[in-house]
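Number of protein chains: 2
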Amino acid sequence: MSRWEPGTADRLRLAALELFVERGYDATTVDDIVEQVGVTQRTFFRHFADKEEVLFDEDASMQQVLLDGAQTYLRRHGPRNGLAAARAATAALARSFEAERERHRARRQVLADVPALQGRQLVKQERWGEALRDTLAQNGVPPVDASVAVAVAVAALQLAYSEWLTANRSRRLHSLLMAADARLDSVLTPARAERDVSRTGRNR
Amino acid sequence: MSRWEPGTADRLRLAALELFVERGYDATTVDDIVEQVGVTQRTFFRHFADKEEVLFDEDASMQQVLLDGAQTYLRRHGPRNGLAAARAATAALARSFEAERERHRARRQVLADVPALQGRQLVKQERWGEALRDTLAQNGVPPVDASVAVAVAVAALQLAYSEWLTANRSRRLHSLLMAADARLDSVLTPARAERDVSRTGRNR
DNA sequence: TGCTTGATGTCAGATACTGACGCAAGCCGT
DNA sequence: ACGGCTTGCGTCAGTATCTGACATCAAGCA
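Listed below in structure tokens is the structure:
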């Protein structure tokens, strides 16, 4: 029997999100959160660098899912198709989201009212993009192709993610992502066809 | 003769930026800043909503410059060319930056070390983009064209701005911006040509 | 002169964070 | 079984950011 209940960080994350939804982020103090969980403020700040971090500290593992998705694809199919690799990465991330729609909805609701949190989210997304781009580049995808592939794949993910959280009926994120990928494809096809012609001299 | 020196906010901005460059953002307290200017902390927080705001509160006037640039163009040339209007806006903003290169360099140096400030900057840029897009749309530019035009014009501005601050010799931001616009044009021309063909071919 | 306005000062908090240290349970090698 | 080490948390004291309520005093105006 342990002296304290295990999973303190998880219970703090859960309690924080509930309170943020209920009263708003600014109106919820760290003392409110720790009181609900039954620990002290010092414990909170040992698990999370600051109050915002309780909403963001799982990013590290998400980024790992993203990069693993890309590397798995590249090991199987090689670096020839950077866009497909980037899409394999976003698809892997989407799968890991699938079971937690309600948590993501609550999270977005909290972020909507707090510009500081939106900024942190944007920084996080930039870091994800950079990491994915680096992974592709280090595995043989030409740097320019990697940049474009990441931009396109991430744009589709954002579209699909937004739809996933907005829709009343819960469609699966994965299928929304495939649809978004296809939509972006159809927009970009003329441009890519043109570039392929000038580059390889080949044509559909 | 006034009881206090005028321009308190300006002197606070200046002192803050100097201290941030000298010691770093986190290592500079608000007390440090107000002591140098000779006011109290309460005065600081009356001028700036929080410590970060001392680096961001001029955004409102910059956004006004941006939107005025777009509206002036649209009044003269009409809404036919959304991209040109967006570029007129970024060019107007660039002109307003021209005289303050050193301040912009210092600012960027401070932001580089503080993720929270980078987040605020990203949020700011998003707001600028939204505002410009709305302005274009409200003045007759089709919404989709407005979105694309803003994305392209802003991308060029960011490129030029970065070069402007990085270059050792101080080239003029305006000319760097024109060059960046041209570079993006040459990248996008094939795509746009293709789309124009498919569009006019179907409609006419 | 007397009244109002506006920018600032003063003071007393609330909240977010940090460093130093102490405590007790579990684990591990002897 | 013993003692030490590690781990997770508590306690306490302190700093920094930010806020509300109220006071002050020059300047402008009636």
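Read top to bottom, the protein sequences are chains A and B. Per the working numbering, residue 54 is the first one in the first sequence, and the count goes up by one each step. Per the working numbering, residue 54 is the first one in the second sequence, and the count goes up by one each step. Backbone N, C-alpha and C fix where the C-beta goes; we use that ideal spot for every residue, glycine too.
| Query | Result |
| --- | --- |
| C-beta neighbour in chain A for residue 173 (chain B), strict 9 Å | yes |
| DSSP three-state assignment for residue 60 (chain B), whether helix, strand or coil | coil |
| Residue environment, residue 27 (chain B), which counts as buried when at least 16 other CB atoms sit within 10 Å | Since the first residue of chain B shown is 54 and the last is 257, residue 27 (chain B) is not available in this structure. |
| Cβ contact (3+ pairs, closer than 8 Å) linking the stretch 131 to 142 of chain B and the stretch 117 to 134 of chain A | no |
| Cα-Cα separation, residue 128 (chain B) to residue 111 (chain B) | 26 Å |
| DSSP three-state assignment for residue 196 (chain A), whether helix, strand or coil | helix |
| Given 8 Å, three or more beta-carbon pairs between the stretch 219 to 226 of chain B and the stretch 148 to 159 of chain B | yes |
| Residue 254 (chain B), buried or exposed, once every other Cβ within 10 Å from all chains shown has been counted against 16 | Because residue 254 (chain B) sits at a pLDDT of 45, beneath the cut-off of 50, its placement in the model cannot be relied upon, and the following sentence gives the value as read from the coordinates. Exposed: under 16 other Cβ atoms inside 10 Å. |
| Closest residue to residue 143 (chain A) among A:240, A:181, A:158, A:169 (Cα-Cα distance) | A:181 |
| Residue range of the alpha helix (DSSP H) that includes residue 165 (chain A) | 154 to 165 |
| Helix, strand or coil at residue 122 (chain B) [DSSP, three-state] | helix |
| Cα-Cα separation between residue 83 (chain B) and residue 191 (chain B), rounded to whole angstroms | 42 Å |
| 7 Å Cβ shell around residue 65 (chain B) - same chain, five flanking residues per side excluded | 86, 90, 97, 100, 107 |
| Sequence-distant residues of its chain with Cβ nearer than 7 Å to residue 71 (chain B) (five each side left out) | none |
| Chain A within 9 Å of residue 179 (chain B), Cβ atoms only | yes |
| Euclidean distance between Cα positions of residue 232 (chain B) and residue 122 (chain B) | 19 Å |
| The stretch 162 to 170 of chain B / the stretch 160 to 177 of chain A touching (three or more Cβ pairs under 8 Å) | yes |
| Residue 54 (chain B) - DSSP class collapsed to helix/strand/coil | Bear in mind that a pLDDT of 44 at residue 54 (chain B), under 50, signals an unreliable position, so the model cannot answer this. |
| Residue 97 (chain B) (DSSP reduced to helix, strand or coil) | helix |
| CB contact below 9 Å: residue 176 (chain B) versus chain A | yes |
| Residue 207 (chain A) classed as buried or exposed, judged by whether at least 16 other C-beta atoms fall within 10 angstroms | buried |
| CA nearest to the CA of residue 211 (chain A), picked from A:194, A:188, A:161 | A:161 |
| Residue 185 (chain B) versus residue 203 (chain B) - alpha carbon distance | 7 Å |
| Residue from B:139, B:220, B:163 with nearest C-alpha to residue 200 (chain B) | B:139 |
| DSSP three-state assignment for residue 104 (chain B), whether helix, strand or coil | coil |
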